[in-house]
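Trainee:
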């Protein structure tokens, strides 16, 4: 019995360590495979049976996330995000204006579409733009990374952890938006101010040469269809229709097409994320069954301590696992704690370069094109930004 318990706790600890690092030293495993393998071993040791493990997976969350990925894939292929960036940049031609346009443009878009998608699309376009204009790309890359995180705080569809909270909390799309949208807007202003302080070159209001973001090819039939369905989906969210079902219907309508091969859309689906979510649901059920959340229960005796634990866990094991671990500790019917969990787990992602997937997407895409965004370069921007926005959200929500 002692050896069995030791094995269970060792596997659980190693799994969460791997989730925190993003890999297992000496093995080719990512977070998805780590979560899946850890769950499988715990099932094999009898902590849960297969039926209990299957029931632990929240179908609404998985369907919502998958459906939003289908919507985002169609928007990307239709040219929506590239056109959006073009419109944003047509507003101004100065370094300061570009910084503000990129910050608010990517922030607002990431409120309604998954932030990782925005980071993936906007990073190479921003690098091409700054290269053509002879501008230092680093502050603009930081603007994309920070804004996609801050912007995604505003809605239940902005990022994976908010999708989880939407499934668990029962908070309506509009109520969530009404409370956290002001936090997002003020947070974006704080970000601009920090970048102006850190990078004097971006303060210039002198117009640059002609701004271009390259090929603006738009697939008009797909563009119109996707835009109409996406607008309908956002309307469904705002009138209070179920999030998962609404997103599934929208995704299904987009998959009925003669213009694009289905495998092209399915290739855009982040299957790793879906597998990781499924594994994390099982791991969370295991931690509950083993009563491992007891230390957190004692540590959380106020809204401030709950926010602090959320931030620490989000940086130790990533925001999605942190939300899954902490959501059972939210007092029943207390929307304030749900909002703090959503905002805290997301804003904590700006603290370090490894704090969120959006940050990693930006740094990896920049590295592929020959630009290096270092850990310390990000930290001197991310640390004050995180502190300021967390204080803001606590004072606003509390």
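Residue numbers (full-length UniProt numbering): 1 to 398.
For each residue, glycine too, the CB sits at the ideal point set by N, CA and C.
Predicted model, so just to flag it, every value in this text is computed and none were measured.
1. In whole angstroms, give me the CA-to-CA distance for residue 116 and residue 357.
2. Helix or strand or just coil, what does DSSP make of residue 433?
3. Which two residues bound the contiguous alpha helix (DSSP H) that contains residue 87?
4. In angstroms with no decimal places, state the Cα-to-Cα distance between residue 270 and residue 67.
5. Per DSSP, what kind of secondary structure is residue 113 in: helix, strand or coil?
6. How is residue 382 classed by DSSP in three states: helix, strand or coil?
7. In whole angstroms, what separates the C-alpha of residue 108 from that of residue 151?
8. Please return the same chain residues whose Cβ sits closer than 8 Å to the Cβ of residue 96, not counting the five positions on each side in sequence.
9. Measuring alpha carbon to alpha carbon, tell me which residue in 179, 377, 114, 159 is nearest residue 76.
10. If we require 4 or more residues per run, which alpha helix (DSSP H) segments fall completely within the segment 6-60?
11. Please identify the residue among 241, 273, 146, 37 whose C-alpha is closest to the C-alpha of residue 192.
12. Could you check what DSSP says for residue 345 in three-state terms: helix, strand or coil?
13. To the nearest angstrom, how far is the alpha carbon of residue 99 from that of residue 355?
14. Please name the residue in 241, 302, 142 whose C-alpha comes closest to that of residue 377.
15. State yes or no: is the C-beta of residue 389 within less than 7 Å of the C-beta of residue 187?
16. Does DSSP put residue 3 in a helix, a strand or coil?
17. Who are the near neighbours of residue 148 in its chain, counting only those whose CB is closer than 6 Å to its CB and skipping five residues on each side?
18. Just to confirm my understanding: we take residue 309, look at its own chain, exclude 5 residues before and 5 after, and list those with CB closer than 8 Å. What are they?
19. Does the Cβ-Cβ distance between residue 362 and residue 160 come in under 7 Å?
20. Cα-Cα, which of 380, 381, 274, 341 is closest to residue 34?
21. Alpha helix (DSSP H) containing residue 246: first to last residue?
22. Going by DSSP, what residue range makes up the alpha helix (DSSP H) through residue 173?
23. Near residue 29, which residues of its chain fall below 8 Å by C-beta distance, leaving aside the five closest residues on each side in sequence?
24. Enumerate in chain order the residues of its own chain whose CB-to-CB distance from residue 74 is below 6 Å, with the five nearest sequence positions on each side excluded.
25. Comparing the CB of residue 300 with every heavy atom of the ligand MN, is any distance shorter than 6 Å?
26. State the CB to CB distance for the pair residue 272 and residue 32, rounded to an integer number of angstroms; the pair is presumed to be in contact (CB under 8 Å).
27. For residue 136, does the count of other Cβ atoms within 10 angstroms reach 16, so buried, or fall short, so exposed?
28. Looking at the structure shown, is residue 201 part of a helix, part of a strand, or coil, going by DSSP?
29. Within 10 Å of its beta-carbon, does residue 391 have 16 or more other beta-carbons around it, so buried, or fewer, so exposed?
30. Around the Cβ of residue 337, are there at least 16 other Cβ atoms within 10 angstroms (buried) or fewer (exposed)?
31. Using the Cα positions of residue 366 and residue 351, report the straight-line distance between them to the nearest angstrom.
32. Mind checking residue 69: buried by the 16 CB within 10 Å criterion, or exposed?
Mentor: By the coordinates alone:
1. Cα to Cα, residue 116 sits roughly 7 Å from residue 357.
2. Because the chain here runs from 1 to 398, residue 433 falls outside it and cannot be looked at.
3. For residue 87, the enclosing alpha helix (DSSP H) has its first and last residue at 80-89.
4. Straight-line Cα distance between these residues: approximately 11 Å.
5. Residue 113 falls in the coil class under three-state DSSP.
6. Judged by DSSP in its simplified three-state form, residue 382 adopts helix.
7. Whole-angstrom Cα-Cα distance: 6 Å.
8. Excluding residues within five positions, the ones whose Cβ falls inside 8 Å are 196, 202, 203, 204, 205.
9. Nearest of 179, 377, 114, 159 to residue 76, Cα basis: 114.
10. Unbroken alpha helix (DSSP H) runs of no fewer than 4 residues, entirely contained in the segment 6-60, are found at 31-44, 50-56, following chain order.
11. It is 146 whose Cα lies nearest to the Cα of residue 192.
12. Of the three classes helix, strand and coil, the one that applies to residue 345 here is helix, per DSSP.
13. Those two C-alpha atoms are separated by around 22 Å.
14. It is 142 whose Cα lies nearest to the Cα of residue 377.
15. Taking 7 Å as the cut-off, the beta carbon of residue 389 is found closer than this to the beta carbon of residue 187.
16. Helix at residue 3.
17. Same-chain partners within the cutoff: 106, 110, 115, 118, 119, 358.
18. The beta carbon of residue 309 sits closer than 8 Å to those of 296, 299, 300, 326, all from its chain and outside the five residues before and after it, given in chain order.
19. Taking 7 Å as the cut-off, the beta carbon of residue 362 is found no closer than this to the beta carbon of residue 160.
20. Nearest in C-alpha terms to residue 34, of all of 380, 381, 274, 341, is 274.
21. Taken as a continuous stretch (DSSP letters only), the alpha helix (DSSP H) holding residue 246 covers 243-255.
22. Per DSSP, residue 173 belongs to the alpha helix (DSSP H) from 173-198.
23. Hits under 8 Å: 18, 23, 37.
24. Excluding positions up to five away in sequence, the list reads 226, 254.
25. The ligand MN is not part of the structure shown, which contains no ligands of any sort.
26. With a Cβ gap of about 4 Å, residue 272 and residue 32 count as contacting.
27. Its Cβ having fewer than 16 others within 10 Å, residue 136 is exposed.
28. When DSSP states are grouped into helix, strand and coil, residue 201 belongs to the helix group.
29. The Cβ neighbour count for residue 391, taken over all protein chains shown within 10 Å, is under 16; the residue is labelled exposed.
30. A buried status is given to residue 337, since no fewer than 16 other beta-carbon atoms sit within 10 Å of its beta-carbon.
31. Rounded to whole angstroms, residue 366 to residue 351 spans 19 Å at the Cα level.
32. With at least 16 other beta carbons inside 10 angstroms of its own, residue 69 counts as buried.
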